[in-house]
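Chemist: I have a structure here, written as structure tokens, and I will follow up with some questions on it.
Residue numbers (my numbering), protein chains in the order written: chain A, 1 to 209; chain B, 1 to 382.
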């Protein structure tokens, strides 16, 4: 019994000491600001975000491969990038247009030009003669504003591609969710077009607004 | 990892890099746009950075625009990415006032190497602009007024931007006139005497208390009289918690389950929650049917259509009265609007007889011509 009482007294003393220790510690922590010479001040951080203009052809190449115009009453073949290969043999079917993205932090105006016209690119005279056309559409909703109706490009149907610069989109947004244009192409290849490799380069010129 | 595996992995990565190099064509320029007010003999040196998708791509640098003769570029060609400097030296005077633009273009040089087959490739060009504003002789102001839509009792912020584009300073008293949509002046707000320095922009603001205004559309016209009068006009709306029933289905075919559309237009400058309609259709004073439409949320001032479906089998042809009640909530306040309308029920024309008759005639004609053709052939053989 005596030893139990002794243990009880030791326990009470130990708990009391622990409690005092805790109070002193908390008190000291509260005083740290004064003890360490704590001081307040303000600072300013300055930076300038530069305006950048940048465009990327995320799909920059279209190839139908090699092929020929079928012999039939129709004297030309039609190739386009919306999934049509009409009256041609061996040419691949292409369902993807060129895709252009505004990567900068400024809206830009997009002009298109080709380094060859339809005669220089395809040649031949049969049917309607050589035809090389492009059509521009929004690959993401609201990408292009044409200066009038919103959400529309400036080439809304297949139009003859040209060596001279043609306005494709008056204002291509730089908003990440709506900064993508699709450029579809359509070719008519006459039966009498000279055989050989045929290539053309389309240049997209972006000008800061 | 074995040597073989490593070799194939390297090969795959190599092919991937080549493929990516081929499918991506990119170009960029910094800074994209710089503005200067014209000063006689102004000289500026501007450092540009150009970046492209290929380290070996040749990029030509050039200047364009009506003042291009006043810039010199220290490098005409860059390979891959790099920087160049444009020195702008303006003359002592430029005759034509207004905004002039110089374009600094970086153009990817086209690789003339031909691909096999019918191929279309691309190149990219980017143009940064330097804008030089040449002031108009004497005094010239361009002003622009901006406002915002509010709900009744809230403040409309009227923000007037004044741009002095002339060579002389101006002191003027700008004012903003508030008009109802039928062009009746409600009040004029004066912004006090204001000094506007030549070729500087000034932003003035004023608030309009709408507590005494009725909900609706209003016109705000800012004017600054400086000998000539510069004017800018804009509209704003004062809203209240209200949905207007602008249209509904007026004619319905009697043929089972049919849809009934109701067009709604919000007059509230905040979102309206859970708007739906209850439609009661009557024959004289007896209720024939009632149904509810889909529920929708309307953004500020938004127009939307809600739709309900009901069975039309028990209706006969004629015009019926209907009650459309739209229930909606704005900021936890519930409201409703009821409109008494008339709906015409019509029977769908039964075209079966016409189709059967047409088909029979067509068959008779076909049989007639076949018979004639066969008889002709038989005669020829004889």
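Think of the CB as a built atom: it goes at the ideal place given N, C-alpha and C, for glycine as much as any other residue. Bear in mind that the values here come from a model prediction, so they are computed numbers and not experimental data.
(1) List, in order along the chain, the chain B residues whose C-beta lies closer than 7 Å to that of residue 50 of chain A?
(2) For the candidate residues B/80, B/102, B/185, B/96, whose alpha-carbon lies nearest to that of residue 89 of chain B?
(3) Is there a C-beta anywhere in chain B that falls below 9 Å from the one on residue 292 of chain A?
(4) Which runs of the alpha helix (DSSP H) at least 4 residues long sit entirely within the segment 66 to 125 of chain A? Give them in chain order.
(5) Identify, in the order they occur along the chain, each residue of the same chain with its Cβ nearer than 8 Å to the Cβ of residue 63 of chain B, setting aside the five sequence neighbours on each side.
(6) Given this structure, state the Cα-to-Cα distance separating residue 141 of chain B from residue 101 of chain A, to the nearest angstrom.
(7) Can you give, in chain order, each stretch of the beta strand (DSSP E) that sits fully within the segment 61 to 111 of chain B and has at least 3 residues?
(8) DSSP on residue 379 of chain B, reduced to helix/strand/coil?
(9) Buried or exposed, going by whether 16 or more other CB atoms sit within 10 Å of the CB of residue 309 of chain B?
(10) Using the three-state DSSP reduction, which class does residue 362 of chain B fall into: helix, strand or coil?
(11) Of the residues that make up the segment 85 to 105 of chain B, which ones have a beta carbon closer than 7 Å to any beta carbon in chain A?
(12) For residue 155 of chain A and chain B, any beta-carbon pair shorter than 9 Å?
(13) For the segment 286 to 304 of chain B and the segment 270 to 278 of chain B, state whether three or more C-beta atom pairs, one from each stretch, are separated by less than 8 Å.
(14) Quick check: what's the CA-CA separation for residue 138 of chain B versus residue 192 of chain B?
(15) Answer with buried or exposed for residue 72 of chain A, where buried requires no fewer than 16 other C-beta atoms within 10 angstroms of its C-beta.
(16) Do residue 188 of chain A and residue 128 of chain A count as a contact pair if the criterion is CB distance below 9 Å?
(17) Residue 125 of chain B versus chain A: which residues are under 8 Å apart at the beta carbon?
(18) Does the contact criterion of 3 or more C-beta pairs under 8 Å hold for the segment 113 to 121 of chain A versus the segment 35 to 51 of chain B?
(19) For residue 298 of chain B versus residue 340 of chain B, is the C-beta spacing smaller than 9 Å?
(20) How would you write the range of the beta strand (DSSP E) that residue 268 of chain B sits in, first residue to last?
(21) Mind checking the segment 53 to 71 of chain A against chain B and listing, in chain order, the residues whose C-beta falls within less than 8 Å of any C-beta there?
(22) Taking its Cβ as the centre, do 16 or more other Cβ atoms sit within 10 Å of residue 201 of chain B, making it buried, or is it exposed?
(23) So that I know if they touch, is there some Cβ in chain B lying closer than 9 Å to that of residue 136 of chain A?
(24) Quick check on this structure: which residue in B/175, B/212, B/240, B/372 has the alpha carbon closest to the alpha carbon of residue 333 of chain B?
Modeler: On the basis of the supplied data:
(1) Counted from its first residue, the first chain places residue 50 of chain A at position 50. Ordered by position in chain B, the residues that pass the 7 Å Cβ test against residue 50 of chain A are 30, 31.
(2) Start at 1 with the first residue of the second chain, and residue 89 of chain B comes out as number 89. Looking from the CA of residue 89 of chain B, the closest CA among B/80, B/102, B/185, B/96 belongs to B/102.
(3) Any answer about residue 292 of chain A is impossible in this case: the structure gives chain A only from 1 up to 209.
(4) Segments of the alpha helix (DSSP H) lying fully in the segment 66 to 125 of chain A: 118 to 121.
(5) Here residue 63 of chain B refers to the residue found at position 63 of the second chain. Taken in chain order, the residues that qualify are 71, 73, 86, 102, 103, 104, 105.
(6) Within the second chain, the letter at position 141 stands for residue 141 of chain B. Within the first chain, the letter at position 101 stands for residue 101 of chain A. Cα atoms of residue 141 of chain B and residue 101 of chain A: separation of roughly 38 Å, rounded to the nearest angstrom.
(7) The segment 61 to 111 of chain B contains these whole beta strand (DSSP E) runs: 71 to 73, 77 to 79, 82 to 89, 98 to 108.
(8) As a first step, residue 379 of chain B is located in the second chain; it is residue number 379 there, counting from the start. Here residue 379 of chain B sits in helix by DSSP.
(9) In the second chain, residue 309 of chain B corresponds to position 309, counting from 1. By the neighbour-count rule (16 or more Cβ atoms within 10 Å), residue 309 of chain B is not buried but exposed.
(10) Here the question's residue 362 of chain B lines up with position 362 in the second chain. For residue 362 of chain B, the secondary structure class from DSSP, reduced to helix, strand or coil, is helix.
(11) Listed by position along the chain: 103.
(12) Within the first chain, the letter at position 155 stands for residue 155 of chain A. Cβ-Cβ to chain B under 9 Å: no for residue 155 of chain A.
(13) Taking a cut-off of 8 Å on C-beta distances, the segment 286 to 304 of chain B touches the segment 270 to 278 of chain B, as three or more cross pairs fall below it.
(14) Residue mapping note: residue 138 of chain B aligns to position 138 of the second chain, counting from 1. Residue mapping note: residue 192 of chain B aligns to position 192 of the second chain, counting from 1. Cα to Cα, residue 138 of chain B sits roughly 23 Å from residue 192 of chain B.
(15) As a first step, residue 72 of chain A must be located in the first chain, where it is residue number 72. Flag for residue 72 of chain A reads exposed.
(16) Locating residue 128 of chain A in the first chain gives position 128, where the first residue counts as 1. Locating residue 188 of chain A in the first chain gives position 188, where the first residue counts as 1. Yes; because the gap between Cβ atoms is below 9 Å, this pair is in contact.
(17) Position 125 of the second chain, counted from the first residue, corresponds to residue 125 of chain B. What residue 125 of chain B touches in chain A: 203, 204, 205, 206.
(18) Result no; under three Cβ-Cβ pairs closer than 8 Å.
(19) By one-based count along the second chain, residue 298 of chain B stands at place 298. By one-based count along the second chain, residue 340 of chain B stands at place 340. Not in contact: residue 298 of chain B and residue 340 of chain B (Cβ atoms no closer than 9 Å).
(20) Mapped onto the second chain, residue 268 of chain B falls at position 268. In the DSSP assignment, residue 268 of chain B falls outside any beta strand (DSSP E), carrying neither H nor E.
(21) The residues in question are 53, 54, 55, 56, 57, 58, 59, 60, 61, 62, 63, 64, 65, 66, 67.
(22) Here residue 201 of chain B refers to the residue found at position 201 when the second chain is read from its first residue. By the 10 Å Cβ count, residue 201 of chain B comes out exposed.
(23) Here residue 136 of chain A refers to the residue found at position 136 of the first chain. Judged by the 9 Å Cβ criterion, residue 136 of chain A is not in contact with chain B.
(24) In the second chain, residue 333 of chain B corresponds to position 333, counting from 1. Closest by alpha carbon: B/240.
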